[in-house]
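Visitor:
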Amino acid sequence: MAAAAFILTDVDAGVHSDRGEILPNQALRLSGSSQWSVRWKTLRGGVSEGVQVIEIDNGRMSLSVLPTRGMGIWKGRLGDLPLEWKSPVERPVHPAFVNLQDRGGLGWLHGFNELLCRCGLAFMGPPGEDQGENLTLHGRIANLPAHRVEVQIDTTGSGAIELIGVVDECSMFGPRWRLTSTLRLQAGSNVCSITDEVTNLGGQASELSLLYHINVGRPFLEPCATYAVPCRDIAPRDARAAQGIDACYVYGAPIAGFAEQAYYHVPLADSDGWSTAVLANSSNNAAFAVHFQTRQLPAFTVWKNTIAEDDGYVTGLEPGINFPNFRAFERKHGRLPIVKPGKSYKTELVLEVVDTEVAVRKLYDRVKAIQGPNEPIVHREPVAKYSPAGTK
Amino acid sequence: MAAAAFILTDVDAGVHSDRGEILPNQALRLSGSSQWSVRWKTLRGGVSEGVQVIEIDNGRMSLSVLPTRGMGIWKGRLGDLPLEWKSPVERPVHPAFVNLQDRGGLGWLHGFNELLCRCGLAFMGPPGEDQGENLTLHGRIANLPAHRVEVQIDTTGSGAIELIGVVDECSMFGPRWRLTSTLRLQAGSNVCSITDEVTNLGGQASELSLLYHINVGRPFLEPCATYAVPCRDIAPRDARAAQGIDACYVYGAPIAGFAEQAYYHVPLADSDGWSTAVLANSSNNAAFAVHFQTRQLPAFTVWKNTIAEDDGYVTGLEPGINFPNFRAFERKHGRLPIVKPGKSYKTELVLEVVDTEVAVRKLYDRVKAIQGPNEPIVHREPVAKYSPAGTK
Amino acid sequence: MAAAAFILTDVDAGVHSDRGEILPNQALRLSGSSQWSVRWKTLRGGVSEGVQVIEIDNGRMSLSVLPTRGMGIWKGRLGDLPLEWKSPVERPVHPAFVNLQDRGGLGWLHGFNELLCRCGLAFMGPPGEDQGENLTLHGRIANLPAHRVEVQIDTTGSGAIELIGVVDECSMFGPRWRLTSTLRLQAGSNVCSITDEVTNLGGQASELSLLYHINVGRPFLEPCATYAVPCRDIAPRDARAAQGIDACYVYGAPIAGFAEQAYYHVPLADSDGWSTAVLANSSNNAAFAVHFQTRQLPAFTVWKNTIAEDDGYVTGLEPGINFPNFRAFERKHGRLPIVKPGKSYKTELVLEVVDTEVAVRKLYDRVKAIQGPNEPIVHREPVAKYSPAGTK
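Chains as they are written, first to last, in this note's numbering: chain A, 1 to 392; chain B, 1001 to 1392; chain C, 2001 to 2392.
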């Protein structure tokens, strides 16, 4: 790779840049875009004090990444389309203001407003006690800052921008995970790939939990918006979700006090192992898609939270290694991969945003093609294998 | 208002000033004072690292406000009179060093040393579980930083300095409050007005809790100092307070190990709705008064903590929307106002400091005038309506 | 003392230096070394953001102290010998990223990687509830930053470098401790003395807990390394430690999943009150020694944690006022000194590092001399007086 590398943060080397930018110049051209940029700054004031934001713009799509919050993606934009949702938590929250123990272990919700955040790594799902450990909602990784952040400009082909962040989730007498995340935007493209490598740096084999909480609001989510994902099975998480199983693919208007619904899917993939989940607006001329490797991410959850706008009207498209159940339940059902010392678990996903009818139809056609002739098995009640509420 | 506005912090606009000052100049004169100033700095080191202090001096009275700690007032001064108390927590504490979950939910006490701090907004009072929520002592608002801070210099009339701070207390799947606090010092005056607007930004009606924990030490508090507040009822919070009901208006000398006493008052007001609580020193030549609107703040608590000097010899004059009981108790007794989506609850209070016998007498006379011919009903035991310790 | 004093931090005076150095110059010479230095910097990025590191080098030995973490010693070096261990927590962790309530009160382990850190002051040992207080592992002091830091260069004699840090552990309605720690390195020497004064600033007598968690890894710890400490009694902490009592003086190779073993000693001292604990490598040509005053520090614990390298292969030599048991147990057995208001508890210890066979033998000889003719009483089972697991 013909590339220029810029180190934004390297704790060990004493490197950290609060603010800066990388712009096209004589020596650094991408054939796919003349308007690309990488800009970073550090927010000041309020609960955002000290949060670094790195905005990568490939000339067509831009994404704002938060190294301070586990390399989550705060929000983005494709042309005029905002890639975001309106959380009641309006601004990025520095982890110092997030007490995971608050709200009976739900303190994670004090900082939740990203387009993409990771749940894991030692645990995710609801809080509780498992094997003598006190688990908090969705784990620690989204509230841990990267100790190494690097931007690489790949000038080969049409060119690409890569952001590589390294985040450690560790403790004495606890699992010791290292997340190395690579986000890649091809110049001028409408897709973004994310490749994560989660390495067990510890001396003992450990169970891994990981889910990508990808959260999308308007203009993709709106009344009569729909989602689709090729799958073998789909099951409601609980009785509440079961109420909506018949119309689960369709989204409703915002309703104050709407109680969230979650649907668990066993996704299907094409011959290369890629599956595709699509969220399309009601006019079918704008869609947000998540492509993911089903061997790496065999559990797919859709979170429907069509609550009042001011309370966070949003849906989650969530590929995961596991379902977001309590860890003990996932263990029981064999969905916690064991990673040996020194070994890694790799995941690959691609975010794609389209803004034409043709492109939306193409995505839906792809879902249908992967689905093939066999309809998914739609479980009308929670299934014991997938969720604790299941009885059989 | 003929005014100059200075933005000190605006997270969304990328504005934050670590240190600076606003001083009188040709273009900015207040007829009521030639010596006024606004100075701000950011503390460095210890648990104060990152705490911003804004000192407003109107030429006669100065107050140091802490945007980093929910716009609380750290301390002040009127001429030679210090407006403060000596907490065992000596310096302002950055919220990153306050774990509200510490000490069984009493972690708030790790950062408590202000002249004025707010308790609330989703809850206040003692910790415990209410409606599935895990409440911690006195809520979150005092440990949340303002994301917007503005100074306005009002050059009309004799002139005034205003400090406006905006603090959000929010969470996903939780109440979503915004406090907009305006502190106003008239040039050359001995009073400070505080006008707070608490807005429900969420999509559902929510219960509001709010108390102003106004804490005063020497030279106002001393042996034989007294307090007065016009009221219909006064009741001890618990058996401990009942022990002191006969002499509750009088303060004792510091006593090591003194167990705090709290008295709940139903305050009376003048025809404009204003009540007045006064703390006068033993010589009756210095007093600290709190004026407040009883329709907005119908519950008034006096906290007597005449413990050893080194443990925090202090009294609290505490106007509130509610009494500082456990939230479920306040709900049961109808003291939790419901604020609808988009609506606000407004509170007004005025701090007044006087340093002459005449002025102290005037304050006491005002209390008597409001009290009128009817003596307050003094409950010798806790009352069921006001505190959980009450039996009838 | 002919000295130059440099204030690095003084919150009250508005002084804080992020980065700097003190080097020998015409006016500042130490006859014992021409190569000494004091350098400080503030780490940026990851969980180390904002952690200050002060590296003191006396020309022979260097130590990196962390004012942000209670004046703990991160690591050091004597010539080529690293003084450190490899914790799974790789870098210094800012207290804002350590939630002591995490992991059921074991959150302290999220930040544990120092060569020397203090446990205490209001409590230490395992988490739990004692007298209505919610104790967390090893207390607060290691995660509290110093509000005053001063370097003194003593040019008398051969010269010395002193680092003085002041850390407050306080809360409203809680104990109020001030640690004043003085670390002194004689120029060109292989020893470092630490003198701590812990003062009760509060108005009531309080129980003090304090243990020096001194943690050493390779090259001192290795298979067949040994430790020695003159003692009257030695007892295993629990059944697990009892399994290794026969060979407790000898260290094993790293073993994945090795469950830690702790041994409690009642140390003996020379006629000046000094005891000496030694950790020597297998070749007996390198040793790490801790000298301590047994009247001040009458409880000595050895922590054997010969777990896999990647999980933190380490041993602790831990002089303490108490054993690291739950506080209620230490109280019951009279090991919690009561410090009256305004009074202090002083502790003195000396770290010594040697790198020759002769010097190692000399240390071992010293241990033997102090031990004298009477062998220690080796308890093969936990003893009721020393640990909760004891039955008699």
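Where a beta carbon is used, it is the ideal one built from N, C-alpha and C, also for glycine.
Since we're looking at a predicted model, the values are computed, not measured.
I want to see whether chain B comes within less than 9 Å of residue 2136 of chain C, judged by CB atoms only; does it?
Guide: For the purposes of this step, residue 2136 of chain C is identified with residue 136 of the third sequence, where counting begins at 1. Yes, contact with chain B.
Visitor: With burial defined as no fewer than 16 other Cβ atoms inside 10 Å of the residue's Cβ, what is the status of residue 1373 of chain B: buried or exposed?
Guide: The sequence position of residue 1373 of chain B within the second sequence is 373, counting from 1. When all chains shown are included, residue 1373 of chain B counts as exposed.
Visitor: Quick check on residue 1368 of chain B - is its C-beta less than 9 Å from some C-beta in chain C?
Guide: On the second sequence, residue 1368 of chain B is found 368 positions in, with the first residue counted as 1. No, no contact with chain C.
Visitor: Once DSSP output is grouped into helix, strand and coil, what is the label at residue 108 of chain A?
Guide: Locating residue 108 of chain A in the first sequence gives position 108, counting from the first residue. It is helical.
Visitor: With 7 Å as the C-beta to C-beta threshold (strictly closer), list the residues of the segment 1078–1106 of chain B near chain A in chain order.
Guide: Answer set for the segment 1078–1106 of chain B: 1095, 1096, 1099, 1100 and 1101.
Visitor: Classify residue 1223 of chain B as buried or exposed, calling it buried when 16 or more other Cβ atoms lie within 10 Å of its own Cβ.
Guide: Taking the first residue of the second sequence as 1, we reach residue 1223 of chain B at position 223. With fewer than 16 other Cβ atoms within 10 Å, it is exposed.
Visitor: Enumerate, from N- to C-terminal direction, the unbroken beta strand (DSSP E) stretches of 3 or more residues contained entirely within the segment 119–195 of chain A.
Guide: Segments of the beta strand (DSSP E) lying fully in the segment 119–195 of chain A: 128–130, 133–135, 148–154, 160–169 and 177–186.
Visitor: So, does the CB of residue 180 of chain A fall closer than 9 Å to a CB anywhere in chain C?
Guide: Along the first sequence, read from residue 1 onward, the residue named residue 180 of chain A stands at position 180. Not closer than 9 Å to any Cβ of chain C, the Cβ of residue 180 of chain A fails to qualify, so no.
Visitor: How long is the line joining the alpha carbons of residue 363 of chain A and residue 354 of chain A, rounded to whole angstroms?
Guide: Position 363 of the first sequence, counted from the first residue, corresponds to residue 363 of chain A. Position 354 of the first sequence, counted from the first residue, corresponds to residue 354 of chain A. About 9 Å.
Visitor: Is the segment 2316–2325 of chain C touching the segment 2173–2186 of chain C in the sense that three or more CB pairs, one from each, lie closer than 8 Å?
Guide: These segments do not touch.
Visitor: Leaving out five residues on either side along the sequence, give the residues of the same chain with a beta carbon under 6 Å from the beta carbon of residue 1123 of chain B.
Guide: The sequence position of residue 1123 of chain B within the second sequence is 123, counting from 1. If we look at residue 1123 of chain B and ignore the five residues flanking it on each side, its Cβ neighbours are 1135, 1139, 1209 and 1327.
Visitor: Measuring only between beta-carbons, confirm whether residue 285 of chain A sits less than 9 Å from chain B.
Guide: In the first sequence, the residue the question calls residue 285 of chain A occupies position 285. Chain B, which has no Cβ nearer than 9 Å to the Cβ of residue 285 of chain A, makes this no.
Visitor: Could you give the residue range of the beta strand (DSSP E) that holds residue 1292 of chain B?
Guide: The residue you call residue 1292 of chain B lines up with position 292 of the second sequence. Note, residue 1292 of chain B: beta strand (DSSP E), 1287–1293.
Visitor: Please go through the segment 315–377 of chain A and give each complete alpha helix (DSSP H) segment of 4 or more residues, from N-terminal end onward.
Guide: If we require 4 residues or more, the alpha helix (DSSP H) runs fully inside the segment 315–377 of chain A come out as 327–332 and 357–371.
Visitor: If the criterion is Cβ atoms closer than 9 Å, does the pair residue 397 of chain A and residue 265 of chain A meet it?
Guide: Beyond the ends of chain A as shown, which are 1 and 392, falls residue 397 of chain A; an answer cannot be given.
Visitor: Spell out the partners DSSP gives residue 1305 of chain B in its beta bridges.
Guide: Here residue 1305 of chain B refers to the residue found at position 305 when the second sequence is read from its first residue. Beta-bridge pairing links residue 1305 of chain B to B:1314.
Visitor: If contact is defined by three or more beta carbon pairs under 8 Å, each pair taking one atom from either stretch, is the segment 189–196 of chain A in contact with the segment 228–247 of chain A?
Guide: At 8 Å Cβ cutoff, the stretches do not touch.
Visitor: Can you round the beta-carbon distance between residue 2043 of chain C and residue 2076 of chain C to whole angstroms, since I take them to be within the 8 Å contact cut?
Guide: As a working note, residue 2043 of chain C is residue 43 in the third sequence. As a working note, residue 2076 of chain C is residue 76 in the third sequence. With a Cβ gap of about 17 Å, residue 2043 of chain C and residue 2076 of chain C do not count as contacting.
Visitor: Give a yes or no on whether the minimum CB-CB distance between residue 1196 of chain B and chain A is below 9 Å.
Guide: Looking up residue 1196 of chain B in the second sequence gives position 196. So, not an interface residue.
Visitor: When you check each C-beta in the segment 1302–1329 of chain B against every C-beta of chain C, which residues fall closer than 7 Å?
Guide: So the close ones are 1307, 1308, 1309, 1310, 1311 and 1312.
Visitor: Where does residue 393 of chain A land, buried or exposed, given buried means 16+ other C-beta within 10 angstroms?
Guide: There is simply no residue 393 of chain A to check, as chain A begins at 1 and stops at 392 in what is shown.
Visitor: By Cβ distance below 7 Å, which residues in the same chain neighbour residue 2062 of chain C in space, the five residues on each side in sequence not counted?
Guide: Along the third sequence, one-based indexing puts residue 2062 of chain C at 62. Around residue 2062 of chain C: 2055, 2056, 2076 and 2077.
Visitor: Taking 8 Å as the cut-off, is the CB of residue 1380 of chain B close to at least one heavy atom of the ligand MN?
Guide: Only the bare structure without any ligand can be found here, which leaves the ligand MN out of the picture.
Visitor: Counting only C-beta atoms, is residue 11 of chain A closer than 9 Å to chain C at any point?
Guide: If you number the first sequence from 1, residue 11 of chain A lands on position 11. At least one chain C Cβ lies under 9 Å of residue 11 of chain A.
Visitor: Which residues in chain A have a C-beta closer than 7 Å to the C-beta of residue 2112 of chain C? List them in chain order.
Guide: Here residue 2112 of chain C refers to the residue found at position 112 when the third sequence is read from its first residue. By Cβ distance, chain A contributes 172.
Visitor: Give me the chain B residues within the contact set of residue 2176 of chain C, using Cβ-Cβ distance strictly less than 8 Å, ordered along the chain.
Guide: What you label residue 2176 of chain C is simply residue 176 of the third sequence in a count that begins at 1. In chain order: 1088, 1310 and 1311.
Visitor: Counting only Cβ pairs nearer than 8 Å, list the residues of chain C close to residue 201 of chain A.
Guide: Start at 1 with the first residue of the first sequence, and residue 201 of chain A comes out as number 201. Correct list: 2088 and 2310.
Visitor: Measuring CB atoms only, is the segment 2170–2177 of chain C touching the segment 1070–1089 of chain B, in the sense that at least three cross pairs come out at less than 8 Å?
Guide: Yes, they touch.
Visitor: So which residues on chain B does residue 2120 of chain C lean against when the C-beta distance must stay under 8 Å?
Guide: The residue given as residue 2120 of chain C occupies position 120 in the third sequence. By Cβ distance, chain B contributes nothing, its closest Cβ being about 16 Å from residue 2120 of chain C, past 8 Å.
Visitor: By DSSP, does residue 2067 of chain C sit in helix, in strand, or in coil?
Guide: Residue mapping note: residue 2067 of chain C aligns to position 67 of the third sequence, counting from 1. It is helical.
Visitor: Just the C-alpha distance for residue 278 of chain A and residue 263 of chain A, rounded to the nearest angstrom, thanks.
Guide: Walking along the first sequence from the start, residue 278 of chain A turns up at place 278. Walking along the first sequence from the start, residue 263 of chain A turns up at place 263. Near 15 Å, if we compare the C-alpha coordinates of residue 263 of chain A and residue 278 of chain A.
Visitor: According to the Cβ coordinates, are residue 2146 of chain C and residue 2111 of chain C closer than 9 Å?
Guide: As a working mapping, residue 2146 of chain C is identified with position 146 in the third sequence. As a working mapping, residue 2111 of chain C is identified with position 111 in the third sequence. Taking 9 Å as the Cβ cut-off, residue 2146 of chain C and residue 2111 of chain C do not qualify as a contacting pair.
Visitor: Taking only the alpha-carbon atoms, compute the straight-line gap between residue 1351 of chain B and residue 1083 of chain B and give it to the nearest angstrom.
Guide: Here residue 1351 of chain B is taken as the residue at index 351 of the second sequence, counted from 1. Here residue 1083 of chain B is taken as the residue at index 83 of the second sequence, counted from 1. Computed Cα separation, rounded: 11 Å.
Visitor: Residues of the segment 34–57 of chain A in Cβ contact with chain B at a cutoff of 9 Å, in chain order, please.
Guide: Those would be 41, 43, 44, 45, 46, 47, 48, 49 and 50, in chain order.
Visitor: Alpha carbon to alpha carbon, how far is residue 365 of chain A from residue 1045 of chain B? Give it in angstroms, no decimals.
Guide: If you number the second sequence from 1, residue 1045 of chain B lands on position 45. If you number the first sequence from 1, residue 365 of chain A lands on position 365. Approximately 60 Å between the Cα atoms of the pair.
Visitor: Would you say residue 1150 of chain B and residue 1010 of chain B are within 9 Å of each other, going by their C-beta atoms?
Guide: Against the second sequence, residue 1150 of chain B aligns to sequence position 150. Against the second sequence, residue 1010 of chain B aligns to sequence position 10. Yes. Within cutoff.
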